[in-house]
Amino acid sequence: MMSAHLQSGEIEILFEDNHLLGISKPVNVPTQEDASGDPDLLNLLKQDLKERYNKPGNVYLGLVHRLDRPVGGAMIFAKTSKAASRLSETVRGRHFRKIYAAVVHGKLPARKGTLKHTLLKDSRTNTVTAVPKGTAGGKDAVLDYQVIGETDRYSLVYIELHTGRSHQIRVQMKEAGCPLFGDQKYGAKLNKPGQQIALWSVIAAFPHPVTKEDVVLQSLPAREFPWAEWPSHIYEEAFAESRL
């Protein structure tokens, strides 16, 4: 687990200008303040901006999208309310590309494909299940995947989300018969307590809210198990052709 004394300076900055701040989120840090009371990313980054630019008073930083606490990788924040509003429109219009890397148990039925499910969230238990289409409260979930590496036990997969449902990748991979490595909630039979979930935001890409130029944030997980089961060039080649 990330220590409680995490400092903003320990967070890698991937992109920054007057409108945006792109970072690589550390694992096990909540995106925003929650019931745990642990240091959260949003407040750490606000404090960093305040100190680096010697800003008096409160610092504005807009949360545009979220990553679950155990997930790390590329994230973008807005430094102005205008940028936040325009980026939120980009997300709603599905012009914000989100590509993840995941290590899953077993082998998927095809090297490349699309998964479509209807997902229903139970807010009381914070769990999500796949349900028949047409179920009250169910929401469509769609992702594309591409297998970029395999071992006897695991597959390394790049995943592009087309919808942003809670726990979407974790549930859809489970439904495909390949739960994520380390996922205690949706793969408890295959994973051991204490293992870190192997899910990482490797690419966040979108048009800049002001200049309209393409912004592409890239981040890779640390070279440790299970990510280190594949050489670095596998990830780099996937970056180059990515985009599934």
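With UniProt numbering applied, the sequence shown covers 1 to 244. Virtual Cβ for every residue (Gly too), placed ideally from N, Cα, C. Please read these numbers as outputs of a predicted model, since none were measured by experiment.
DSSP places Ser85 in the uninterrupted alpha helix (DSSP H) bounded by Ser81 to Arg92. Taking every protein chain shown into account, the CB of Pro209 has 16 or more other CB atoms within 10 angstroms, so this residue is buried. Proximity of the segment 43 to 58 to the segment 101 to 109 falls short of the contact definition, fewer than three beta-carbon pairs being nearer than 8 Å. Within the same chain, and ignoring the five residues on either side of Tyr235 in sequence, the residues whose Cβ sits closer than 6 Å to its Cβ are Leu220.
When C-alpha distances from Ile148 are compared across Asp40, Ala238, Glu89 and Thr129, the shortest belongs to Ala238. Of the other Cβ atoms in all chains shown, 16 or more fall within 10 Å of the Cβ of Pro179; this residue is therefore buried.
With fewer than 16 other Cβ atoms from the protein chains shown falling within 10 Å of its own Cβ, Thr125 counts as exposed. Contact between Ala78 and His19 holds: their C-beta atoms lie close to 7 Å from each other, under 8 Å. Asp144 has Thr114 and Glu160 as its beta-bridge partners, per DSSP.
Phe96 sits in coil when the DSSP states are folded into three classes, being neither helix nor strand. Around the beta carbon of Ala84, a 10 Å sphere encloses 16 or more other beta carbons of the protein chains shown; the residue is thus reported as buried.
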